[in-house]
Amino acid sequence: MNISEPRTKKMRGAGIMIKRERLNIIMGMLQQKPTVTVNELANNLDASTSTIRRDLLTLQSEGKVLRSYGSAELSSSDNIELSYLFRKQEHEREKQTIAEIASTFLGNNQALFIDSSSTASFLAPYLAPLENVIVITNGLRVAAALDNIPSVKTYLTGGALKYRSGSLLGETSIEYVDDFNADLFFFSGVGVTPGYVFMSSQRQSVLKREMVARARKSILLVDHSKFGKRGFYRLMPTNRVAAVITDAKPAADFMTFAQKSDIEVLYDE
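Numbering (UniProt numbering) for the sequence shown: 1 to 269.
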């Protein structure tokens with residue numbers, strides 16, 4: 001699904017899950033375009049304007065959007081993060097491809113940081129054949145995916161659970177990570193340019209910076225839709241990344257930058 005132009009099929013009924021899917025898509029649109037009209041949302045979601053207005057009322061009550069006549073905008077630039085379920089389903093095939101390429105970096109006797117991103121969670125099956133692997137993660141669902149792999153010793157950071165994201169964050173998480181050193185850090189972001197890797201959450205950024213500092217190499221996992229996009233927070237300069245793994249060849253300007261910065265770029269050809 002292209003997050004900038006999301007479409008949904010018309011569905012019978014109006015269950016809770018269907019409404020929540022609409023809310024996730026609305027938030028996705030607002031991340032790419034800070035203000036959208038009710039008519040735009042209705043057209044993209046194949047929903048009535050009255051349904052969209054009710055959805056916006058729900059998001060406003062959750063403190064996520066501000067409503068004005070005929071439109072809506074993000075309430076603030078702080079802590080806007082899409083739900084894990086929505087992120088995992090978005091570009092799912094591409095994320096599987098990225099994980100397969102990333103698996104070439106994996107080996108026995110490694111210590112790994114893996115963030116709570118949906119992209120990184122696809123790495124779990126590739127760890128199963130390995131021996132003596134340690135994973136430190138702040139992702140509940142990453143840890144759950146590793147639960148049935150006996151050869152992987154999994155450490156969960158602890159911290160405050162961020163609503164619907166599956167992420168553990170805060171001072172407890174940072175202090176926990178500070179006790180480890182890792183060979184590799186697999187992570188994602190909401191956008192990447194030749195200048196910076198971006199995040200939508202300040203708390204995610206702070207924790208990931210600690211993981212970057214404690215890892216020998218940091219490997220960025222992003223699908224093609226993330227290139228050229230910016231988020232609210234600069235996570236790190238892109239030239240600090242050892243490798244970028246994606247599902248399609250990035251644009252020429254990024255490839256030129258990567259070559260000059262000695263960044264390995266791997267993609268599906």
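Backbone N, C-alpha and C fix where the C-beta goes; we use that ideal spot for every residue, glycine too.
**Own chain, CB closer than 6 Å to A99, minus 5 neighbours either side, in chain order** = Within the sequence shown, residue 99 is the residue found at index 99, counting from 1. Same-chain partners within the cutoff: F122, L123.
**Item:** the region 176-187 touching the region 211-220, judged by at least three CB pairs closer than 8 Å
**Value:** The region 176-187 vs the region 211-220: in contact.
**Asked** Around the Cβ of R12, are there at least 16 other Cβ atoms within 10 angstroms (buried) or fewer (exposed)?
**Response** Within the sequence shown, the letter at position 12 stands for residue 12. Below a pLDDT of 50, predicted positions are generally treated as unreliable, and R12, at 37, falls in that range; the measurement from the model is reported next regardless. Looking at its Cβ environment, which holds fewer than 16 other Cβ atoms inside 10 Å, R12 is exposed.
**Asked** Around the C-beta of K208, are 16 or more other C-beta atoms found within 10 angstroms, so that it is buried, or is it exposed?
**Response** Along the sequence shown, one-based indexing puts residue 208 at 208. The residue in question, K208, is buried, as its Cβ has 16 or more Cβ neighbours within 10 Å.
**Prompt:** Can you give the Cα-Cα distance for G28 and R53, rounded to whole angstroms?
**Reply:** Against the sequence shown, residue 28 aligns to sequence position 28. Against the sequence shown, residue 53 aligns to sequence position 53. Spanning the two alpha carbons is a distance of roughly 17 Å.
**Request:** Confirm, please, whether the CB-CB distance from S205 to L235 is below 8 Å.
**Result:** On the sequence shown, position 235 is the one that residue 235 refers to. On the sequence shown, position 205 is the one that residue 205 refers to. In this structure, S205 lies closer than 8 Å to L235 by Cβ.
**Message:** Tell me which residues share the same chain as L59 and place their Cβ nearer than 8 Å to its Cβ, disregarding the 5 neighbours each side in the sequence.
**Reply:** As a working mapping, residue 59 is identified with position 59 in the sequence shown. Around L59: L23, I26, M27, V65, A72.
**Message:** In the DSSP assignment, the beta strand (DSSP E) including T137 goes from what residue to what residue?
**Reply:** In the sequence shown, residue 137 corresponds to position 137, counting from 1. Counting along the chain, the beta strand (DSSP E) containing T137 begins and ends at 133-137.
**Item:** Closest residue to V192 among T172, Y126, R240 (Cα-Cα distance)
**Value:** Counted from its first residue, the sequence shown places residue 192 at position 192. Ranking T172, Y126, R240 by Cα distance to V192 puts R240 first.
**Asked** Is L23 helix, strand or coil when you go by DSSP?
**Response** Here residue 23 refers to the residue found at position 23 of the sequence shown. L23: helix per DSSP, three-state reduction.
**Message:** Let's see if you can read the secondary structure: which residues bound the alpha helix (DSSP H) around Y126?
**Reply:** Mapped onto the sequence shown, residue 126 falls at position 126. Per DSSP, Y126 belongs to the alpha helix (DSSP H) from 124-127.
**Request:** Would you check if the region 220-229 and the region 127-143 touch, i.e. whether three or more CB-CB distances between them fall below 8 Å?
**Result:** Not touching, per the Cβ criterion.
**Prompt:** Do Y233 and F186 have their C-beta atoms closer together than 8 Å?
**Reply:** Numbered from 1 along the sequence shown, position 233 holds the residue referred to as residue 233. Numbered from 1 along the sequence shown, position 186 holds the residue referred to as residue 186. Y233 is not a Cβ neighbour of F186, given a cutoff of 8 Å.
**Request:** From the DSSP output, in three-state form, read off V177 for me.
**Result:** For this step, residue 177 is matched to residue 177 along the sequence shown. In this structure, V177 counts as helix in the three-state DSSP scheme.
**Request:** Grab me the residues of S77's own chain with a C-beta within less than 7 Å of its C-beta, minus the 5 sequence neighbours each way, in chain order.
**Result:** Walking along the sequence shown from the start, residue 77 turns up at place 77. Note that S77 scores a pLDDT of 44, beneath 50, so its modelled location is shaky; the value from the coordinates is reported in the next line. The residues F232, in chain order, have a CB closer than 7 Å to that of S77 in the same chain once the five nearest residues on each side in sequence are set aside.
**Item:** Neighbourhood of residue 272 by C-beta, 6 Å cutoff - its chain only, sequence neighbours within 5 removed
**Value:** Because residue 272 is not part of the residues shown, which for the chain are 1 to 269, the question remains open.
**Request:** Determine the extent of the beta strand (DSSP E) in which F227 is found, giving its start and end residues.
**Result:** In the sequence shown, the residue the question calls residue 227 occupies position 227. It is not in any beta strand (DSSP E) - F227 carries neither H nor E in the DSSP assignment.
**Prompt:** Got a sec? Which residues, its chain only, sit under 7 Å from Y176 by beta carbon, not counting five neighbours each side?
**Reply:** By 1-based counting over the sequence shown, the position of residue 176 is 176. Cβ neighbours of Y176 beyond the five flanking positions: T157, G158.
**Asked** For E269, does the count of other Cβ atoms within 10 angstroms reach 16, so buried, or fall short, so exposed?
**Response** Residue numbering aside, residue 269 sits at position 269 when the sequence shown is read from its first letter. Per the 10 Å Cβ criterion, exposed.
**Prompt:** Span of the alpha helix (DSSP H) holding D183?
**Reply:** Along the sequence shown, read from residue 1 onward, the residue named residue 183 stands at position 183. No alpha helix (DSSP H) holds D183; the beta strand (DSSP E) holding it covers 182-187.
**Message:** Using 8 Å as the threshold, is the C-beta distance between L184 and I149 below it?
**Reply:** Residue mapping note: residue 184 aligns to position 184 of the sequence shown, counting from 1. Residue mapping note: residue 149 aligns to position 149 of the sequence shown, counting from 1. Not in contact: L184 and I149 (Cβ atoms no closer than 8 Å).
**Request:** Sort R20, I18, A102 by Cα distance to A243 and report the nearest one.
**Result:** Here residue 243 is taken as the residue at index 243 of the sequence shown, counted from 1. Taking the Cα of A243 as reference, the smallest distance to any Cα among R20, I18, A102 is reached at A102.
**Request:** From the DSSP output, in three-state form, read off E264 for me.
**Result:** In the sequence shown, counting from the first residue as 1, residue 264 sits at position 264. E264 falls in the strand class under three-state DSSP.
**N-terminal and C-terminal residue of the beta strand (DSSP E) that L66 is part of** = Reading the sequence shown from its first residue, position 66 is the one you call residue 66. Counting along the chain, the unbroken beta strand (DSSP E) around L66 starts and ends at 65-68.
**Prompt:** Which residue comes first and which comes last in the beta strand (DSSP E) that contains E210?
**Reply:** Taking the first residue of the sequence shown as 1, we reach residue 210 at position 210. In this chain, E210 is not harboured by any beta strand (DSSP E); it is covered by the alpha helix (DSSP H) spanning 202-214.
**Prompt:** Buried or exposed: Q31, going by 16 or more other Cβ atoms within 10 Å of its Cβ?
**Reply:** For this step, residue 31 is matched to residue 31 along the sequence shown. Q31 comes out buried.
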